[in-house]
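Q:
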Amino acid sequence: MGTRTRMTREDRRKQIIESAMNVFKEKGFKGTTTAEIADSAEITEVTLFRYFTSKQEIYLEGVRPFIVKTLEEVVETSAGMTPRERLQAILLDRITFISENYETIKLILNESPELSGMGVDLSSEIRRIIEKSIGQAPIREDMRPMAVRMIMGSLLSFLYMPEQNAESIRNYVYQITDLMICNMQGEKND
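Every letter in the sequence shown is one number past the one before it in full-length UniProt numbering, and letter 74, counting from 1, is 74.
#1: Using a Cβ-Cβ cutoff of less than 7 angstroms, which residues in the same chain neighbour M7 once the five nearest sequence positions on both sides are dropped?
#2: Shortest alpha-carbon distance to S154 belongs to which of I139, D93, A20 and A35?
#3: What span of residues does the alpha helix (DSSP H) with S78 cover, start to end?
#4: Between which two residues does the alpha helix (DSSP H) carrying I95 extend?
#5: Mapping DSSP to helix, strand and coil, what is E42?
#6: Just how far apart, CA to CA, sit T32 and T96?
#7: Between M146 and L156, what straight-line distance do the alpha-carbon atoms span, to the nearest angstrom?
#8: What does a CB cutoff of less than 6 angstroms around V68 pick up in its chain, not counting 5 residues either side in sequence?
#9: Just checking my contact of S99 with I169 at CB under 8 angstroms: how many whole Å lie between their CB atoms?
#10: Could you tell me the boundaries of the alpha helix (DSSP H) in which V173 lies?
#11: Taking the alpha carbon of F66 as the point to measure from, which residue in E141, M150 and I17 has its own alpha carbon closest?
#12: Considering Cα atoms alone, identify which of L48, G80, E85 and K30 is closest to S19.
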């Protein structure tokens, strides 16, 4: 293992995550062991467990920025848009993201029960960001939880019925946004 410079705790964590993600890409989550991650990071397995409690924790730390950061970026860049345009931008970004990263997202949600729990955690973060964005849309207060569910359901539908055509995705986004805003801003039906 040669001579190494001492890394800060944060730098070592980043190095382990980066090495682990390379192994996960090559072998998949189930096919990867913590010993292989440690070997790839050029550390002992004991050292690895000083930084992370499990393989699942390493994986989640590796994918979280990939998923959440891109959503936060689109929310920031859409800040000056109308509420309708903002919802469209967020939906278009997420559905495109799902289409482009289909295998990774399916892995998080479906490969193992451990990763499924991580998918729930990530979904909660995504839901929180969407709820914040919907708060600015012309949607009745009592309909906002329904709007969030519609958006989350729309996103999940693309995991099971993926769409690769950009024009179809764009049309879908415009239709779902119109459906939400037109049907959720008027008076309450009793």
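Beta carbons are placed, not taken as given, at the ideal position from N, Cα and C, and that holds for glycine.
A: According to the structure shown:
#1: Contacts found: Q15.
#2: For S154, the closest alpha carbon among the candidates I139, D93, A20 and A35 is that of D93.
#3: According to the DSSP assignment, S78 belongs to no alpha helix (DSSP H), since it is labelled neither H nor E.
#4: Element bounds for I95: P83 to E100.
#5: Coil at E42, not helix or strand.
#6: T32 and T96 have their C-alpha atoms some 28 angstroms from each other.
#7: Roughly 15 angstroms separates the two Cα atoms.
#8: Excluding the 5 residues flanking it on each side, V68 has same chain C-beta neighbours closer than 6 angstroms at E125, in chain order.
#9: With a contact defined as Cβ atoms closer than 8 angstroms, S99 and I169 qualify at about 7 angstroms.
#10: Start and end: A166 to N183.
#11: Selection E141, M150 and I17 evaluated against F66 yields I17 as nearest (Cα-Cα).
#12: Here the closest residue by C-alpha is L48.
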